[in-house]
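One structure is given below, encoded as structure tokens.
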Amino acid sequence: MNYLVITYAGIMTALIGGLFGWAISYIGQPDLNRTRFESKFYQNLYRSYPLIGAGIGFVVGSGFAVIKQTQKQNKNDSDF
Numbered sequence: 001m002n003y004l005v006i007t008y009a010g011i012m013t014a015l016i017g018g019l020f021g022w023a024i025s026y027i028g029q030p031d032l033n034r035t036r037f038e039s040k041f042y043q044n045l046y047r048s049y050p051l052i053g054a055g056i057g058f059v060v061g062s063g064f065a066v067i068k069q070t071q072k073q074n075k076n077d078s079d080f
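Note that the UniProt record's numbering has the sequence shown beginning at 1, numbered continuously upward.
Right, here's the structure in full:
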């Protein structure tokens with residue numbers, strides 16, 4: 001298995017996931033002038049969306065790269 005390709009795929013999808021999370025956090029920011037009855041955790045949750053998106057992106061990208069490498073390896077093993 002080529003671990004460099006797996007790491008590269010994970011990093012690239014982590015960047016895309018982080019950007020997606022940043023966009024969602026920008027859209028979902030609460031109104032600062034309105035009083036809401038929310039706990040501190042939910043008031044600051046939108047700040048961690050980019051980190052959550054990057055983590056999910058890394059896992060998904062690495063997973064797809066592992067699947068692709070495994071399929072390629074199995075195809076080469078079956079073709080004697």
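Even glycine gets a Cβ: it sits at the ideal position worked out from N, Cα and C. Note that the structure is a prediction, hence the values are computed from the model and not measured.
Sorting R47, T7 and S25 by C-alpha distance to the C-alpha of V59 places T7 at the top.
Distance between S39 and R47, taken at the CA atoms: about 14 angstroms. G61 places its beta carbon 8 angstroms or farther from that of A23. Per DSSP, L51 is one residue of the alpha helix (DSSP H) stretching across Y49 to S78. Taking every protein chain shown into account, the CB of Y3 has fewer than 16 other CB atoms within 10 angstroms, so this residue is exposed. Excluding five sequence positions before and after T13, the CB atoms of its chain that fall closer than 7 angstroms to its own CB belong to G57, F58, V60 and G61, given in chain order. Residue burial is scored here from C-beta neighbours: G28 has fewer than 16 other C-beta atoms within 10 angstroms and is therefore classed as exposed.
For S25, the three-state secondary structure derived from DSSP is helix.
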